[in-house]
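Undergrad: Next up is a structure, given as structure tokens.
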Amino acid sequence: MGDAPPESAPRFRATYALMGVVLGLLFPICTALYEVYVTDYSFLEVLLGRSNRLMLIIETAPLVLGIVFYRLGRRRELIAEEVRLGTCVALAEVQEEIEFYKSGLDRIASVSMTEPSGRITYANDMFLETSGYSREELMGRTHRILNSKEHPSEFFQQMWETITSGQVWRGDICNRSKDGQLYWVDSTIIPMMDPDGSIHQYASIRLDISERKHNELALLRAYQEQGIINFLLRIPVAASVSLHEALETALAKIISVPWLSLLSRGGIFLAQDGELNLFVSMGLGREVESRCAKIASGQCLCGRAFAGRQPLHASCVDERHEVHYEGMAPHGHYNVPILNNGVPLGVLVVYLPHGHQRHEPDVAFLQACCDVLGTLIAAHRNETALVRARDEAESATQAKARFLANMSHEIRTPMNGIIGMANLLGGDVVDPTSAERVRIIQNCGNSLLTLIDELLDFSKLEVDKIELERIPFNLMKTIDEVIELFAPRASEKGIALTARHAPTVPAGILGDSSRFRQIVNNLVSNAIKFTSAGSVDISTSAIRTSGSSWTVQVAVRDTGLGIPADVQPRLFQSFSQVDASTTRRFGGSGLGLAISKGLCEKMGGNMWVESEEGKGSTFTFTLEAEECAPVAPAMDSDPFSTEDAAMGQRAPLRILLVDDNRINLLVAAGLLKRLGYEADQATNGLEALDQLEERPYDLILMDCHMPEMDGFEATERIIAKYGDLRPRIVALTASTLQEDVDRCYACRMDDVLGKPIRVPALSEVLRATPRLEEARGQEDVA
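Numbering-wise (UniProt numbering), the sequence shown opens with residue 1 and increments by one.
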């Protein structure tokens, strides 16, 4: 036989190329079969174990093909020689070998050959089976017939740039079969080169990786969706973050999931009074937001999902959409109820592309989101309710405190007149009967003031408005002064009143001496009140806790009535006494112990009682204190007594009284006269400014609240006009609120004098006031 005819050259070339691909691919399969033969492993286990080697061989296919082509070229020469010799045996053997390898390749990979233009010239059986197309449908077509549109055009552009440059390209491609199903392949495209370097065809080998890709995508989806759930769980539940802000953040995160991000549209409806209100939305547009602002339960898909408490799906705008309008874009959506403990709170609505079919993993994810949203909404509402209740309680407490303070102010104003006039009258009467009556008026007035002060202290403790001082004082000296104060009352009842101080008690501590005195006064007063015979003993001790820190303990022990055991637990509650008869018999508001215990706790300590009915009681309290240098006894170097009628002659002052209440003016003027001073009077701030224009004053006693111009504004104007040459300004106020006292100092008043006015306090103010001429002289000398 002669040489093969020229027209058979392309057929031989394709045959050789295919044989090279077959040999390169089936080599690892053959070795795997051999390994199965000599081992106990299954063929699939061996093949999977060698998958990396198979990929390596595919990637190095050009080298394999080169060797194959060389051998086939040489074989062709031999065949041609044999043909020339008249034999076709070798050619038949080669064809048989190719068919053998080809049948093996068809079982594991899709193989196709294309022209440089991309038109398919060959497709194996696996290719046909996977794609669903027949060989006739594929021949002459390009691979665009399989395009799933899942990849951007840049993806294929990069692939063509690679293979047209003569390089092997490998990547994962998502194809679409003839019946519309998507499938993934691991594709390797090998350029086949002529001796001159030109590409005459491409060989494409594809391994079906749909299952692996499906698993990868499922894992990726699960990871993404779990990340969204975790994000929703971390949304803060706090009154500082509004529910609208929290749900808006949640909705944005939910619709960011890849299968929803194509449209990124949705909304959250919340139920109120039997209907759904569109609470937050994204991408819906004004028309939808307006028409869907309120949806009745059972109406439209979202209303039906809410009423039925089950997720509903629509792939298009169907007859179930009662809310629709002309020009509404085609779409589908999921409607998932938001529940909390089975109670429907609202509905989550997310938009889908038109035609999107219901997918149970979609529903499961959205239900998980709604579970979190239900918890978030309920928790936020509970938090808001708690904050509202707390604010209302605080507001009520503040209102009560303000009411008590206002009542105190209103009561103190007439009490200033009663007690002040009684004090003035007491200095004038000489008749014993009249003097006794005046003393009763004074005692009753003081008792009423004590009750008012207790009510105010209690209300301040409730709102934590009591501020403790931190000044040096002698604790033992303070207790001794309490003994001196109550000694007359104890003596009247024949009770021994004593005090014992342990040697470890520091001579000086830092703390609030007035509040400490208040606690001891209350305990001693109660002990004397409820003891008819025997003794009242005060004992103090102290334990150093660290460095200069001490725990001080004070115990007040009496031999009085004692307290039943069942009453003791409620003894420190407000308005609580042993029984109702106690109030009728001994009086009192029932606030003293509650206030004392509250003050102890403010000082870092505690208070408790030990008592046995009929044998007496011991009230003990502790406080934390810091030791300081011993406090020397106060020495009164002032030659004037607090009631010295010649004080005005020894230290004359020009005084202006400013108050809109005539009784207050009479009381203040009378007390000043007792001390030897005369005072001019004004009834408001404007009059005070006018009188200050006419003559200079050394001291202005200024009421705070007056018509036309109050004391605060008058003070500011005086300071602005006279500067350092202004008179000393002392506030006269019936208010005990700290903010009112602070306001006095804020407008640069020099001191505050409370009503009712006490002569000792007034004397202190007068002693601290210099004459303006003396002050100017000292400045000139300086």
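Quick reminder that beta carbons are idealized off the backbone N, C-alpha and C, glycines included.
1) Taking just the CA atoms, how far does L243 sit from T384?
2) Return the residue from the list E137, N684, D512 and I700 that minimises the CA-CA distance to S177.
3) For F269, does the three-state DSSP call read helix, strand or coil?
4) Taking all protein chains shown into account, decide if N52 is buried (16 or more other Cβ within 10 angstroms of its Cβ) or exposed.
5) Under 8 Å: do the region 695 to 714 and the region 722 to 732 share three or more Cβ pairs, one atom per stretch?
6) How many Å lie between K400 and S459 at the Cα?
7) Considering just the uninterrupted stretch of the alpha helix (DSSP H) at L656, what are its terminal residues?
8) Roughly how many angstroms lie between the CA atoms of Q167 and G140, to the nearest whole one?
9) Can you tell me whether R470 is helix, strand or coil according to DSSP?
10) Hey, S596 and I528 are a contact pair by Cβ (cut 8 Å); roughly how many whole angstroms apart?
11) For Y351, tell me which candidate among G267, K149 and S134 has the shortest Cα-Cα distance.
12) Select from L146, D566 and E694 the residue whose C-alpha is nearest the C-alpha of N175.
13) Determine the closest residue to G308 out of S165, V323 and V336, with distance taken between C-alpha atoms.
14) Please determine if the region 206 to 216 and the region 150 to 170 are in contact, where contact requires at least 3 C-beta pairs separated by less than 8 Å.
15) Rounded to the nearest angstrom, what separates L65 and R234 at their Cα positions?
16) Would you kindly work out how many angstroms separate the C-alpha atoms of V482 and R517, rounded to a whole number?
17) Enumerate, from N- to C-terminal direction, the unbroken alpha helix (DSSP H) stretches of 4 or more residues contained entirely within the region 418 to 503.
18) Contact check, E612 vs G562 under 8 Å by CB: the rounded distance?
19) Exposed or buried, which one is G445 when buried takes at least 16 other CB atoms within 10 Å?
20) Thinking just about the alpha-carbon of each residue, which of Q681, R674 and D660 is nearest to the one in R654?
21) Can you confirm whether the region 732 to 744 touches the region 405 to 418 when touching is taken to mean that 3 or more C-beta pairs between the two stretches lie within less than 8 Å?
22) For S763, is the classification buried or exposed, using 16 other Cβ atoms within 10 angstroms of its Cβ as the cut-off for buried?
23) How is the beta strand (DSSP E) around F279 delimited, first residue to last?
24) Kindly give me the distance between the Cβ atoms of residue 784 and S535, rounded to whole angstroms, as I take these residues to be in contact under 8 Å.
25) Which runs of the alpha helix (DSSP H) at least 4 residues long sit entirely within the region 188 to 231? Give them in chain order.
26) Consult DSSP for D186 and reduce its assignment to one of helix, strand or coil.
27) In chain order, which beta strand (DSSP E) runs of at least 3 residues are fully inside the UniProt domain "Response regulatory" (654 to 770)?
28) Nearest by alpha-carbon distance to L263: which of M282, T733 and Y133 is it?
29) If we count the other Cβ atoms within 10 Å of its Cβ and call it buried at 16 or more, is R557 buried or exposed?
30) Under a three-way DSSP split, which group does T531 fall into?
31) Would you kindly work out how many angstroms separate the C-alpha atoms of G355 and D391, rounded to a whole number?
32) Once you ignore the five residues that flank G777 on each side, which residues in its own chain have a CB closer than 6 Å to its CB?
33) Between K602, L593 and L497, which lies nearest to R470 when the distance is taken from Cα to Cα?
34) Kindly indicate which residue of A688, L485 and T397 has the alpha-carbon position closest to the one of T498.
35) Between the C-alpha atoms of Y133 and R144, what's the straight-line distance to the nearest angstrom?
36) Looking only at C-alpha atoms, which of I418, P116 and V438 sits nearest to G426?
TA: In this structure, then:
1) 9 Å
2) E137
3) strand
4) Confidence at N52 is low in this model, with a pLDDT of 46, below 50, so its placement is unreliable and the value that follows should be read with caution. Exposed: under 16 other Cβ atoms inside 10 Å.
5) yes
6) 7 Å
7) No alpha helix (DSSP H) holds L656; the beta strand (DSSP E) holding it covers I655 to V658.
8) 24 Å
9) coil
10) 15 Å between Cβ atoms; not a contact.
11) G267
12) L146
13) V336
14) no
15) Here L65 scores only 47 on pLDDT, less than 50, and its place in the model should not be relied on; the value that follows carries that caveat. Going by the C-alpha atoms only, they are around 58 Å apart.
16) 7 Å
17) 432 to 462 and 475 to 492
18) 5 Å
19) buried
20) Q681
21) yes
22) buried
23) E275 to M282
24) The first residue shown for the chain is 1 and the last is 782, placing residue 784 beyond what the model contains.
25) none
26) strand
27) 655 to 658, 679 to 682, 699 to 703, 728 to 733 and 751 to 754
28) M282
29) buried
30) coil
31) 52 Å
32) Any reading at G777 needs caution, since the residue's pLDDT is 45, under 50, leaving its predicted position unreliable; the model's value is listed next. Result list for G777: empty, nothing under 6 Å.
33) K602
34) L485
35) 13 Å
36) V438
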